[in-house]
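Chemist: This structure is in structure tokens; I'll ask about it shortly.
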Amino acid sequence: MRTLRLDADQLPQRVGELAELLADTVNGGASVGFLAPLGPERAVAWWRERAAAVAAGQLAVWAALDDTGRTVGTVGLAFAHPGKPNSPHRAELVKLMVHRDARGQGIGRRLLAVAEEAAAAAGITLLHLDTETDSPAEHLYRSAGWTRAGVIPDYALDPAGVLHPTTLYYKRVGTPGG
Ligand SMILES: CC(C)(COP(=O)(O)OP(=O)(O)OC[C@H]1O[C@@H](n2cnc3c(N)ncnc32)[C@H](O)[C@@H]1OP(=O)(O)O)[C@@H](O)C(=O)NCCC(=O)NCCS
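Written as structure tokens, this is what we have:
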């Protein structure tokens, strides 16, 4: 497995695989912002929209590729909007997903580490995220040194349309103030 940071030219080339990964994740029941069933057209459109944010430097996206070059995982970092000048040190970890047929092999942990290292290298000192409370991802974040900030009840619908709480996490990376 290797990871690849997708620039604005590379992302559109992998939209089909990224869309399949997103649909597999949502239709498998994971809460990543969509309701099931998520069809390929909607998933492709969503990824195409992300390319503009990558081109603008507001979003970084990584793909995890298996030995055949297939995209089996992804993670993103959303940087503070330029219109928010008090937050250049902060970024949100978004859309960490591993295809169901590739889970449990350390890919999620590797993607998380890659995003954290890249954030620190870019001068980011604080990362944050939200994840469905009691989801498998919580174990990963806690064991990777993320701090649980709190729980918001009834935060979002899961893919089946049922309200769930979300847990907020943060992690300091790099050298604060450095
Ligand atoms: C969360 C997710 C990215 C983990 O990816 P993965 O490649 O399977 O994770 P890894 O193999 O790197 O495992 C990381 C840790 O999580 C644990 N883990 C993975 N799946 C788990 C599960 N279903 N239940 C409990 N723990 C689990 C692993 O045991 C491992 O811990 P360990 O190193 O202490 O043994 C993946 O399950 C996924 O895509 N889920 C759906 C999308 C999602 O919920 N993303 C998070 C949104 S915030």
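Here the numbering used here is used: the first residue of the sequence shown is 971, the next is one more, and so on.
Backbone N, C-alpha and C define an ideal beta-carbon position, used for all residues, glycine too.
It should be emphasised that the depicted structure is a prediction, and the values quoted were computed from it without experimental measurement.
Taking 7 Å as the cut-off, is the C-beta of V1143 nearer than that to any heavy atom in ligand 2?
Modeler: Looking for ligand 2 in the displayed structure turns up nothing; the ligands present are ligand 1.
Chemist: Which residues in the same chain have their Cβ closer than 6 Å to the Cβ of P1123, if we skip the five residues on either side of it in sequence?
Modeler: The residue you call residue 1123 lines up with position 153 of the sequence shown. So the qualifying residues of the chain are P1135.
Chemist: Would a C-beta distance cut-off of 8 Å place V1024 and T1044 closer than the cut-off?
Modeler: Mapped onto the sequence shown, residue 1024 falls at position 54. Mapped onto the sequence shown, residue 1044 falls at position 74. No.
Chemist: How many angstroms separate the CA atom of G1093 from the CA atom of L1082?
Modeler: For the purposes of this step, residue 1093 is taken as residue 123 along the sequence shown, with counting starting at 1. For the purposes of this step, residue 1082 is taken as residue 112 along the sequence shown, with counting starting at 1. Spanning the two alpha carbons is a distance of roughly 17 Å.
Chemist: From what residue to what residue does the alpha helix (DSSP H) around H1109 run?
Modeler: Counted from its first residue, the sequence shown places residue 1109 at position 139. Looking at the DSSP string, the run of the alpha helix (DSSP H) that includes H1109 is 1106-1113.
Chemist: Would R1079 and T1041 qualify as a contact pair, given that the criterion is a beta-carbon distance under 8 Å?
Modeler: Taking the sequence shown and counting its residues from 1, one reaches residue 1079 at position 109. Taking the sequence shown and counting its residues from 1, one reaches residue 1041 at position 71. Cβ atoms of R1079 and T1041: not closer than 8 Å.
Chemist: Using CA atoms only, rank isn't needed, just tell me which of G1027, G1076, P1055 is closest to L976.
Modeler: Position 6 of the sequence shown, counted from the first residue, corresponds to residue 976. If we check each option's Cα against that of L976, G1027 comes out closest.
Chemist: State the CB to CB distance for the pair V1121 and T1103, rounded to an integer number of angstroms; the pair is presumed to be in contact (CB under 8 Å).
Modeler: Looking up residue 1121 in the sequence shown gives position 151. Looking up residue 1103 in the sequence shown gives position 133. Going by Cβ atoms, the distance from V1121 to T1103 rounds to 6 Å, so yes, they are a contact pair.
Chemist: Beta carbon of V1068: closer than 7 Å to some heavy atom of ligand 1?
Modeler: Working through the sequence shown from its first residue, we reach residue 1068 at position 98. For ligand 1, at least one heavy atom lies less than 7 Å from the Cβ of V1068.
Chemist: Only counting the same chain, and skipping five residues up and downstream in sequence, which positions put a Cβ closer than 7 Å to that of L1097?
Modeler: Locating residue 1097 in the sequence shown gives position 127, counting from the first residue. For L1097, where only same-chain residues beyond five positions count, the Cβ hits under 7 Å are A1061, L1063, E1086, A1089, Y1140, K1141, V1143.
Chemist: Rounded to whole angstroms, what's the CA-CA distance from L1008 to T1038? Just pull it up for me.
Modeler: The count along the sequence shown starts at 1 and reaches residue 1008 at position 38. The count along the sequence shown starts at 1 and reaches residue 1038 at position 68. Between L1008 and T1038, the C-alpha separation is close to 26 Å.
Chemist: Helix, strand or coil for D994, going by three-state DSSP, please let me know.
Modeler: Counting from one through the sequence shown, the residue named residue 994 turns up at place 24. In the three-state reduction of the DSSP assignment, D994 falls in the helix class.
Chemist: How is W1116 classed by DSSP in three states: helix, strand or coil?
Modeler: Here residue 1116 refers to the residue found at position 146 when the sequence shown is read from its first residue. W1116: coil per DSSP, three-state reduction.
Chemist: Would you say S1057 touches ligand 1, meaning its beta carbon is less than 7 Å from a heavy atom?
Modeler: Here residue 1057 refers to the residue found at position 87 of the sequence shown. It does not: the Cβ of S1057 is nowhere closer than 7 Å to a heavy atom of ligand 1.
Chemist: So who's on the other strand from M971, going by DSSP bridges?
Modeler: The residue given as residue 971 occupies position 1 in the sequence shown. Its beta-bridge partners do not exist; DSSP assigns none.
Chemist: Classify A1130 as helix, strand or coil using the three-state DSSP reduction.
Modeler: The residue given as residue 1130 occupies position 160 in the sequence shown. Reduced to three states, the DSSP call for A1130 is coil.
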